[in-house]
Amino acid sequence: MNFFRGVMGGQAAGPQPSGAETIQKLCDRVASSTLLEDRRDAVRALKSLSKKYRMEVGTQAMDHLINILQTDRSDSEILGYALDTLYNIICNDDEEEQDESEDENAQKQADDLGVQFTDKFIEDPEHVTLLLTLLEEFDFHVRWPGVKLLTALLKNQGVQVQGIILVSPMGVSRLMDLLADSREVIRNDGLLLLQQLTKSNAAIQKIVAFENAFERLLDIITEEGSSDGGIVVEDCLLLLLNLLKNNSSNQNFFKEGSYIQRMKPWFEVGDDNSGWSAQKVTNLHLMLQLVRVMVSPVNSPGASASCQKSMYQCGLLQQLCTILMATGVPADILTETINTVSEVIRGSQVNQDYFASVNAPSNPPRPAIVVLLMSMVNERQPFVLRCAVLYCFQCFLYKNQKGQGEIVATLLPSTIDANSISAGQLLCGGLFSADSLSNWCAAVALAHALQDNLTQKEQLLRVQLATSLGKPPVSLLQQCTNILSQTKSEKGSKVQTRVGLLMLLCTWISNCPIAVTHFLHNQENVPFLTAQISENLGEDERLVQGLCALLLGICIYYNDNSLENYTKEKLKQLIEKRIGKENFVEKLGFITKHELYSRAAQKPQPVFPSPEQMLFDHEFTKLVKELEGMITKAVHKSSEEEKKEEEVKKTLEQHDNIVTQYKELIREQDAQIQELKEQVSSMSSQNEQLQTTVTQQLSQIQQHKDQYNILKLKLGKENQSQSNSQGDASQVNGLQTEELTQLREEVEELRKQHTLLQTQLSDKDALISTLRSETSQTAEGSAASDSTELLKELEALRSQIQSQSAEINQMKTERQELLRRAEAASSDAVGGGDGSSDAAKMAELDSRLTAQMTETEKVKEEAKRLSESRAELEQQLASANSTAAILQTEKAKLQTEVQESKKEQDDLLMLLADQDQKINSLKQRLKALGETVDDEDDLDARDQTDDDDEEEEEEEDEDEE
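Quick note on the working numbering: the sequence shown kicks off at 4 and runs consecutively.
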């Protein structure tokens, strides 16, 4: 301990050791001490010396410190000292590494030293894995320096450390646990660590995102106060930007997880927007950038469109428009909000329509587009704000033909309102103002109103401008060319005006032969262009020459030869004489060779360091790329080649017409096939339904057949009982007159029913005759036998009904006889006679009358039951007629089965005959061998009995059939 007192404490006797010697002794003590306290004190001393003697501690003590991390895991204090020492020698913090007086060379040397120590530490990937394991320790003195050390390693050698962490088991998951730490210092440094970890590594970004990073980060932002929060909110937003920028997988996960909806409360600003803090401005700026990342034009169109739809549905776009029209918003936040709204509405028709309906809170209310255009053409507004408004206007018109038509309509004479300011008036005012930047912005904005829209190009030709009092109005197209000729001699910033006008003219007349004709109709335009191209001007004018060559080339390529003086061939001859084809092509190439052309072609947003460099528009670079090759070919082609091309075009058009006809035919056939498929599917479903109904009807027919057989048996029994009852009733000799009248009425009713049944039977006979004729044509001989059986059954029923009618007539005669005898009995009683005999006769008559009355009641009941049974029989006959064809097919099947069974029986008989022969031969052999064998008579008797049994079985089968 005296050694440490000498190093750390006061003065000791003798010469003082140098720093390197002290560090060497401390390293030896760390390596050789057996007591934990001695090693801990030595590591503490190294920590105190690591800032002043960074080089010495790093070169001599790093291995010993790493060994401490591996061996002394149980002591958190020594682990903390070791991690702090490693952090001090690896970190490149300005405040810790150098004084303010040191220059940049010293800082560079310090940075190189940190990188060298980092390379030494990560030579063995196990060291990084060890550090990740130590981060699982909950002790603050271990976890916090471990987080700082890993962050420093990532800053110095990010790619190498990222690779080690990526292959380490559960490496990223361990680091994600830092966000859940309840100690804010560790959580906040964990955010910084994850920022360094996720830089430019899509694989780690995906793993972090799927470790529920979005949910945790958004919760932290909400807890810290959203845009009003501090530096922690900024760190969370920076980490979110790392996870989402240029990572389509994470962007889709963010959208599908409904996290876009959670961004809306960030942009809820109050009415009082004064006194924004610098941190709030930074936070809101990052939040707007996060929205732009989700809808950036560099993303896939499908992903951007989906995010744009979600932002409109959740109200995020409406909230951004509220900030856009609010007062007191800082200029840089307003500019970034305009850029954000631009990309949220770009290419989305629904969002563009909503933006067109937004009004500024002014009196009277004005559309937001008009208010923004007023800022764009106002030269007192900041340059970045004017660029943002131009980008917003371009995004509003991108793939929005409806919006293009509305903008052009404000320039037409029929829609101009003198009492209000319109977008068209602002564009024309900017186009012809003295400010060259306003000229350029207005020209580009108007060109976007014509982009890929032939209708609006033709409509804009109708616009007439009043230049001065007393002079006739001129067209907008002619006024643009007039300004070009007026600014020809001017220098400086007017190049920007001419470039803007030339871009507008090229966009206007491209792919529009009518506009080309209008342009060529002015006799001064072509000489002006040829003069501009043929002159030898300076570097600044080369771009104007290239654009003039492009404009003249468009006049050649899209010329319909309607003007005799300016046909394609004459214009090419003019170029060859005045300019030269090679010179013309060279001047045309000045556009793409310009240094600002490639910068504008990179992305749609107009971003320029200064107003003087604002020359090219992104959409115009696409047009140049498309037209340059076509114009070069058109200029070099001869008249014969053009004729051949026209013929080829005609033939191609004919082929196209034929192809379109075939396509239409194929479409019609596809539609017919689709209809047929639908019909087949419907018919198959109907067929299935019919099959189910057929099976149901077959089961019902079987039930009806069974009921029919039962009813036949019942009807036979009822006829027998009825005949017996009628025989008993015929023996009655006397009735009362009232009963007789009732019987007469019942007889009349039975007679009516009898006639009705006869008519129904005649109808059934006719139906059976028709069925017989049909079945004779379609069915075989078996069907005729079935119909004859049905006829026999009907004849039997008819005979039964006739017998019943005869019985009824017999009953009638018997009743008349009874009446006569009753009248005679009454006359005998009046004429007198023996009193005793009369009394006996009357008593006998009374008994007979009572008996007759009872019999009459029985007859009534039997007659009623008979009528009911006849009605049921008629219903059964109707159902039997409907199933005649089905029964015929079934009987035909049975006959075929009978024939097959007969064939089988014949085969059996043949087998039996063979067996008899074998048996006889065996008997003879047995007799020859001296064995006793049964007599042949016994065998014949047995065979006879077997034959009789078989015949009886066959007869029973035939009866059943």
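The C-beta atom is built at its ideal place from N, Cα and C for all residues, glycine as well.
Quantities reported herein were computed from a predicted structural model and do not represent experimental measurements.
Based on DSSP bridge pairs, tell me the residues matched to residue i.
i, result
"residue 467", "478"
"residue 128", "Residue 128 pairs with nothing; no bridge assigned."
"residue 42", "DSSP lists no partner for residue 42."
So, with DSSP's three-state summary, where would you put residue i?
i, result
"residue 253", "helix"
"residue 604", "coil"
"residue 76", "coil"
"residue 868", "helix"
"residue 370", "strand"
"residue 362", "strand"
"residue 899", "helix"
"residue 14", "Confidence at residue 14 is low in this model, with a pLDDT of 45, below 50, so its placement is unreliable and the value that follows should be read with caution. Coil, per DSSP."
"residue 789", "Summary for residue 789: the model assigns pLDDT 47, below 50, so the residue's position carries little reliability; its value from the coordinates is reported in the next sentence. Of the three classes helix, strand and coil, the one that applies to residue 789 here is helix, per DSSP."
"residue 705", "helix"
"residue 919", "helix"
"residue 711", "helix"
"residue 138", "coil"
"residue 378", "helix"
"residue 829", "Annotation note: pLDDT 48 at residue 829 (below 50); position unreliable, no value reported."
"residue 661", "helix"
"residue 84", "helix"
"residue 614", "helix"
"residue 22", "helix"
"residue 270", "helix"
"residue 530", "helix"
"residue 928", "helix"
"residue 350", "coil"
Do residue i and residue j have their C-beta atoms within less than 8 Å of each other?
i, j, result
"residue 415", "residue 373", "no"
"residue 486", "residue 508", "no"
"residue 131", "residue 159", "no"
"residue 590", "residue 536", "yes"
"residue 211", "residue 179", "yes"
"residue 133", "residue 152", "no"
"residue 627", "residue 594", "yes"
"residue 88", "residue 53", "yes"
"residue 200", "residue 189", "no"
"residue 155", "residue 93", "yes"
"residue 342", "residue 295", "yes"
"residue 340", "residue 326", "yes"
"residue 459", "residue 397", "no"
"residue 242", "residue 197", "yes"
"residue 224", "residue 232", "yes"
"residue 65", "residue 124", "yes"
What is the residue span of the alpha helix (DSSP H) that residue i lies within?
i, result
"residue 288", "281-297"
"residue 597", "Counting along the chain, residue 597 falls outside any alpha helix (DSSP H), and DSSP gives it neither H nor E."
"residue 315", "304-316"
"residue 448", "439-453"
"residue 187", "187-200"
"residue 519", "516-524"
"residue 389", "386-400"
"residue 431", "426-434"
"residue 581", "571-581"
"residue 622", "621-639"
"residue 206", "205-211"
"residue 179", "174-179"
Cβ of residue i versus every heavy atom of the ligand ADP: is any distance shorter than 7 Å?
i, result
"residue 626", "Annotation note on the ligand ADP: not contained in the displayed structure, which lists no ligands."
Does the region 291-306 come close enough to the region 353-362 to have 3 or more Cβ pairs within less than 8 Å? no
How about the region 215-226 and the region 240-255: do they share at least three Cβ pairs that are nearer than 8 Å? yes
I want to know whether the region 541-558 touches the region 657-677 - three or more CB-CB distances under 8 Å. no
Three-pair Cβ contact test at 8 Å for the region 615-624 versus the region 567-585: Flag = no, the region 615-624 and the region 567-585 do not touch.
For the region 619-639 against the region 548-558, are there 3 or more C-beta pairs whose distance is under 8 Å? With three or more CB-CB distances shorter than 8 Å, the region 619-639 counts as touching the region 548-558.
Segment contact, 8 Å Cβ cut-off, at least three pairs: the region 524-536 with the region 598-612: Result no; under three Cβ-Cβ pairs closer than 8 Å.
So, do the region 438-447 and the region 387-404 have three or more beta carbon pairs nearer to each other than 8 Å? Because the criterion of three Cβ pairs below 8 Å is met, the region 438-447 and the region 387-404 touch.
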